[in-house]
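Below is one structure, written out as structure tokens; comments come after it.
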Amino acid sequence: MADDTSIFIGASRKPDDSYQRSEQLLLQYGNRHGLVTGATGTGKTVTLQILAEGFSNAGVPVFCADIKGDLSGIAMMGTAQDFLVKRAAQVKLDPYDFQEFPVIFWDLFGEQGHPIRATISEMGPLLLSRLMNLTDAQEGIMNIAFRIADEEGLLLLDLKDLQALLANIAERADEISARYGNVTKPSVGAIQRTLLVLEQQGAANFFGEPALRISDIMRTTRDGRGAVSVLAADKLMLNPRLYATFLLWLMSELFEELPEVGDPDKPKLVFFFDEAHLVFDEAPKVLIDRVEQVVRLIRSKGVGVYFVTQNPLDIPEKVLAQLGNRVQHALRAYTPREQQAVRTAAETFRPNPDFDCATTITQLATGEALVSTLEAKGIPSMVQRTLIRPPSSRLGPIAPDERRKLIAESPVVGQYDQVIDRESAFEMLQKKAKEALDAEAQAQQAGRGGSRWTIPGFGNDDPAPQSGGRRAPAPRPSNRQTVTEAAIKSVVRSVGSSVGRAIVRGILGSLSRGR
């Protein structure tokens, strides 16, 4: 059984299917990252749930995405059901206590939890380019845009700030090209169109202030349990690129903000990355390198990252090599790629002479898994066929009214609900544009006032001298046409018309007859 230094995962079984021993994850190696894989319906969500429960009870805050809504049940106390009680007896979980866990619900769209926002500046050009699927040339322009924003003191907080900056860059394309390289208006226009699509997909809800404070997902309760932050991701999954980019941004923020702690007795935070394949699908090499760097180095910040996906082939080898704690649920091997996935999964475990790993992976029942965790001195344990323990919290989703009640009682209620729109690039560029227009208008007026044409007798002669020999000040020029100006313009226009030409011929004819 687990104690204050470990999390109870389940019980391994002997070749004759009898109980062998309890399988645990040592908290001191909880920040060495992990992997939970398996086909749909094999029990990955329940494994994620019991790991989150274990970390929370150990005082470790947890952040996880809830793809289908099932994970929300961790906020409510479980109830005794026959199959759960039977499983508890099989793994010798005694006593099998039910409990609810401290949960904070989050939602990028602000519908099923507190809104989560980040500023454009925090996201940075690399992740934004990934989110928008920009070409190399367009990504270069994005980098130039951030450089100009830094140089000119323009705050990039929300989408309209970035849109205003890109419009400004298009107007100054020649000047900027001379400084930073070729910036074409068509490329800027393509980025602007992509931003519009992004806005229509709901990304405008994510960018802005107040931005998420990392401390709010690292809370603990008064009784010492870690808060479980659950991100509602069912709607977010309709835009998988936004989902992946957000989670990558969050990992990067954790890496940049948290201090070095080395190898603590337990993690400072555990981060579950569900549907992890979305991060790496069609991702450029520079982004994969960035993920690998963060995963490798964030361990020293006390953060454990656990990837949850269907297929181990979804994870690049460089990242896969960093994942020390592994839970492998059943895989089906009907296609060549699936057969390769089974072989890959089997080869990543420390072999067990009691069974063939590749064969066993295809024969696991729901709620069974092959488990290998880091033991003393960080050495992977021999892989064991394991029955996963039942959860202590509710199995399945909570009701909408239960969710609303928990949101209303949340420790962060009221902190993120209202959008703050302070002066940033959009307002600053608008102000500069207005000042430029005003200056141009004043220059035009000054030009008209210094070289006015005058027609005697029509009120715009030099003013008469005032008493004392001084002339009266010249009247302020007006943009409105005088009667004479209108008449002159009308005659000039008429010269170009057929009627005008007839008038001219008549005048010339009269002059010739008079000679």
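Counting from 273, one number per residue, gives the positions in the sequence shown under our numbering.
Where a beta carbon is used, it is the ideal one built from N, C-alpha and C, also for glycine.
Proximity winner among the options, relative to residue i (alpha-carbon distances)
| i | options | result |
| --- | --- | --- |
| P458 | R451, I376, T407, D433 | T407 |
| L508 | A462, E383, P663 | E383 |
| A311 | E610, Y291, K540 | E610 |
| F373 | G341, T493, A618 | T493 |
| A548 | F579, K590, I420 | F579 |
| A593 | T616, A602, E695, N624 | T616 |
| S524 | N511, V566, E554 | V566 |
| G345 | A671, S696, R666 | R666 |
| R562 | P588, L365, K538 | P588 |
| L470 | V363, Y515, V455, M348 | Y515 |
| L569 | L541, G534, F552 | G534 |
| F355 | A671, I660, K703 | I660 |
| W521 | I692, S294, L403 | L403 |
| Q582 | E564, R604, R571 | R604 |
For residue i, the three-state DSSP class (helix, strand or coil)
| i | result |
| --- | --- |
| V363 | coil |
| G396 | helix |
| T616 | helix |
| K305 | Note that residue 305 is His in the sequence shown here, rather than Lys. If DSSP states are grouped into helix, strand and coil, H305 belongs with coil. |
| P749 | Since pLDDT at P749 reaches only 47, below the 50 mark, its modelled position is unreliable, and no value is offered. |
| H386 | strand |
| A283 | strand |
| A648 | helix |
| D446 | helix |
| I441 | helix |
| I498 | At residue 498 the sequence reads Gly, which differs from the Ile that was named. Strand, per DSSP. |
| A548 | coil |
| D379 | strand |
| S653 | coil |
| Y578 | strand |
| S696 | coil |
| S344 | helix |
| R675 | helix |
| L701 | helix |
| E532 | coil |
| T314 | coil |
| S664 | coil |
Where the alpha helix (DSSP H) containing residue i begins and where it ends
| i | result |
| --- | --- |
| G639 | No alpha helix (DSSP H) contains G639, which DSSP labels as neither H nor E. |
| D537 | Counting along the chain, D537 falls outside any alpha helix (DSSP H), and DSSP gives it neither H nor E. |
| E529 | 512-529 |
| G425 | Looking at the DSSP string, G425 is not in any alpha helix (DSSP H), and its letter there is neither H nor E. |
Proximity below 8 Å, CB of residue i to CB of residue j
| i | j | result |
| --- | --- | --- |
| T658 | A361 | no |
| A462 | L438 | no |
| L221 | L343 | Because the chain is modelled from 273 through 787, residue 221 falls outside the range shown and cannot be assessed. |
| C629 | A618 | yes |
| A324 | F518 | no |
| L530 | K573 | yes |
| M490 | P683 | no |
| G480 | D422 | no |
| N477 | F335 | no |
| P584 | A602 | no |
| Q300 | T277 | yes |
| G639 | V308 | no |
| G498 | H305 | no |
| L792 | G596 | Residue 792 lies beyond the stretch modelled for the chain, which goes from 273 to 787, so this question has no answer here. |
| L526 | I486 | yes |
| A442 | V460 | yes |
| G341 | P539 | no |
| I670 | A347 | yes |
| V599 | V500 | no |
Same chain, Cβ closer than 7 Å to residue i, five either side skipped, listed in chain order
| i | result |
| --- | --- |
| M700 | L426 |
| G350 | F370, P663, S664, S665, R666, L667 |
| T550 | Before going further, note that residue 550 is Leu rather than Thr in the sequence given. P512, Y515, A516. |
| E674 | M348 |
Same chain, Cβ closer than 6 Å to residue i, five either side skipped, listed in chain order
| i | result |
| --- | --- |
| A337 | L503, A505, D546 |
| F377 | G385, V502, I679 |
| Q292 | S284, R285, K286 |
| R359 | P662 |
| D537 | Q300 |
Residue i - containing beta strand (DSSP E), residue span
| i | result |
| --- | --- |
| F335 | 334-338 |
| R598 | 597-600 |
| S572 | Per DSSP, S572 belongs to no beta strand (DSSP E) and is neither H nor E. |
| V684 | No beta strand (DSSP E) contains V684, which DSSP labels as neither H nor E. |
| L297 | 291-298 |
| L659 | 656-660 |
Same chain, Cβ closer than 8 Å to residue i, neighbours up to 5 away in sequence not counted
| i | result |
| --- | --- |
| P623 | C629, M654, V655 |
| F627 | P287, R657 |
| I392 | L400, L428, L429, D430, L431, D433, L434, F479 |
| A483 | R389, A390, T391, E394 |
| I448 | I416, I420, I441, V455 |
| Q296 | A274, S278, I279, F280, I281, T645 |
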